[in-house]
């Protein structure tokens, strides 16, 4: 027998794994990370840096740089996200106007910028200036008449089709992951799932370019959701420059949570709303440190966007508004009604959109993504052009619907009949009877509302970047504005009714229809996404009006209650389930009385669990086990007879360790013994060198007993972010429960297809 003394000479060879080797601790694509292990590795790294910092000044400087690297990453994310958002806003503005005409003095100017620079613009005709020409004026020198209208109509459709075709082609060829809003996938990634390339450089570049194209094409989608994806791509890029984040998937996800906050910050000009959105809607693990860093990233991003000033009004969004009149208690009733409408619209949208997306996945429709985008764009452009409320960009539409009617407004929605004897301040115009412009605008808005509701169902989920925030807000804003005008006219013509008598005297400015539009927008967005706190904060940051928080809260809570009555899932959770991502939602409750033994594998009648023994298997045995199975890891036991648990070894690390050992360690052959103990086993003379793999063994795998309630197991998986959990009885290994087993079991208990919980 070879004793330990004889083996000391080769100890440095056998223990080479005490030094880390390349790729150890990394994960394969479409696998879940082990949060506990990542946390433990970061703690070890931090402890090592702290102890080294006492050795020399240089090590102290390195430790300080390491501590500050998080803030540097946040600064860089904020700067890049803000810059990209500003560039996207400017490009969308120009390309949207390009569908209708061109600026002769400088073709890169949008309509508004072109007329700003003109000295011949009058206040009444502020949208008309000689430098800006519609396509009909430029090509056939006619601005009015049927032929000019048809030419403009035709070119509007052609530009829309051109933009959409270019966008879908770029996505298809260069970055398939750049499609959709990205928020369902980011929620899944933040919960610990690996999707390689989803946050890559190509995805960032193509998503930024195609986002401009699809929003400019006039499709019923927004840029706000995809901006979160763009910001997370920035976060992923900058975290890869610092080893603290690039080598630890758990720490990287802290950066991505902060990047999501920066994305919403620039999308809505709402830094605090962005932080709350990240906390409430997308993040899975959100420690206090991440909260501060998210706040800093959102602040830098908003400041950068403000410096670029894309809308030329010193505001971060196009639809910033300020109201001057207070709201009254009696108005809570229509606000709550708008909340009910928002909840019903959210439910209708989620069900119809998921049904259509499922059809796209399971039928031949999914094989023709380019054709689908072209057809939807053509239908959208053909129907949208005749109606002025659908022809313009959705952000401009929301801006007009939110606006209060001042003395200087030229919109049809402000075509009221004025009292010639009125002498009042400009910002305090009393309620007036509606003129013909308001009535025709109501008809057009009603038609636009129906069109938006239907077309958004088919648009969201196509193979192009598509956000849902703006179309949802547009639906709510149109419904809200119509309700607001109705209440305003009711109050004007029936001010002696008991509900109006106390607060709406003749000649007073009682009702603000724009406020109803804002409340409706919040209600519909809440109904679709099920956001509450972050939604209200985003909306009041948009308006700058603290006194409208109560109406917004009433509408947001009502829309959530109504939508939850029909189903707990928001649109993002519904798309996560549709795609089969392994996402354990913190909001889902598990109330069934099952035990760990009901879920663990192997079940009765199945082959026994594949295990490694601590010191009796050869390299060849381990390689055969790896080849014949596709498990992510193997429990290590004392022996196959006793089945006393020692630890757990990851598949990927076993493969890498054996490969490295064959390359770097002399004498390791197929019949070398693999051991996981501290001391080598006693071996016969002349036997090949054994291989020590103790370093890759997790000596403290998470275990539960076979009688642990599944309610507890589900809670453990959620709160600790486990990949797998071993089931024991009196220290003896019985089976294993993985995250996918938990998801399958939950689906089974909810009478769903358990196999739908597989990534596809």
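In my numbering, the protein residues as written are 2 to 761. Note that beta-carbon positions come from the ideal geometry of N, C-alpha and C, so glycine has one too. Small disclaimer: the values here were computed from a predicted structure and weren't measured.
By the C-beta density criterion, residue 708 is exposed, having fewer than 16 other C-beta atoms within 10 angstroms. Contact annotation: residue 106 and residue 94 have beta-carbon atoms that are not nearer than 9 Å. Of the candidates 649, 589, 572, 576, 649 places its Cα closest to the Cα of residue 610.
Taking a cut-off of 8 Å for Cβ pairs, the stretch 303 to 316 and the stretch 442 to 457 do not touch, as fewer than three such pairs fall below it. Remark: C-beta atoms of residue 100 and residue 161 approach each other more closely than 9 Å. For residue 674, the pairing in a beta bridge is given by DSSP as 619.
Between the stretch 225 to 244 and the stretch 262 to 271, the count of Cβ pairs shorter than 8 Å is three or higher; the stretches touch.
Non-local C-beta neighbours of residue 733 in its own chain, meaning closer than 8 Å and more than five positions away in sequence, comprise 643, 644, 645, 646, ordered along the chain.
Taking a C-beta distance under 9 Å as the contact criterion, residue 302 and residue 232 qualify as a contact pair. DSSP places residue 602 within a strand segment (E or B) once states are collapsed to three.
When secondary structure is reduced to three states using DSSP, residue 726 falls in the strand class. Taken atom to atom, the span from the alpha-carbon of residue 519 to that of residue 114 is near 27 Å. With fewer than 16 neighbouring CB atoms inside 10 Å of its own CB, residue 562 falls in the exposed class. In this structure, residue 736 places its C-beta atom within 9 Å of the C-beta atom of residue 602.
The three-state secondary structure of residue 533, taken from DSSP, is coil. Following the DSSP letters along the chain, one finds residue 31 in no alpha helix (DSSP H), marked with neither H nor E.
Looking at the DSSP output, residue 693 bridges to 676.
Around the beta carbon of residue 753, fewer than 16 other beta carbons lie within 10 angstroms, which makes this residue exposed.
The residue among 155, 211, 183 with its C-alpha nearest the C-alpha of residue 170 is 211. If you ignore the 5 residues before and after residue 621, its C-beta comes within less than 7 Å of the C-beta of 671, 672, all in its own chain and listed in chain order.
Approximately 7 Å separates the beta-carbon atoms of residue 543 and residue 320; this is inside 8 Å, confirming the contact. CA-to-CA, the gap between residue 203 and residue 213 works out to about 16 Å.
Under the DSSP assignment, residue 134 falls outside any alpha helix (DSSP H), being part of the beta strand (DSSP E) whose first and last residues are 133 to 135. Secondary structure at residue 710: strand, using DSSP grouped into helix, strand and coil. According to DSSP, residue 645 shares a beta bridge with 733.
Taking a cut-off of 8 Å for Cβ pairs, the stretch 321 to 329 and the stretch 290 to 300 do not touch, as fewer than three such pairs fall below it.
When DSSP states are grouped into helix, strand and coil, residue 650 belongs to the strand group.
Counting other Cβ atoms within 10 Å of its Cβ, residue 513 reaches 16 or more and is therefore classed as buried. Taken atom to atom, the span from the alpha-carbon of residue 591 to that of residue 495 is near 53 Å. Pairwise C-beta distances place the stretch 555 to 573 in contact with the stretch 521 to 538, as three or more of them are shorter than 8 Å. For residue 267, the enclosing alpha helix (DSSP H) starts and ends at 250 to 269. In terms of Cβ geometry, residue 690 and residue 675 do not form a close pair [threshold 9 Å]. In this structure, DSSP gives residue 436 a state outside helix and strand, which the three-state scheme calls coil. Taking every protein chain shown into account, the CB of residue 551 has fewer than 16 other CB atoms within 10 angstroms, so this residue is exposed. When Cβ pairs closer than 8 Å are counted between the two stretches, the stretch 410 to 419 is seen to touch the stretch 441 to 454, the count reaching three or more. The beta carbon of residue 340 sits closer than 6 Å to the beta carbons of 524, 556, 559, 560 from its chain, once the five residues preceding and following it are set aside; these are given in chain order.
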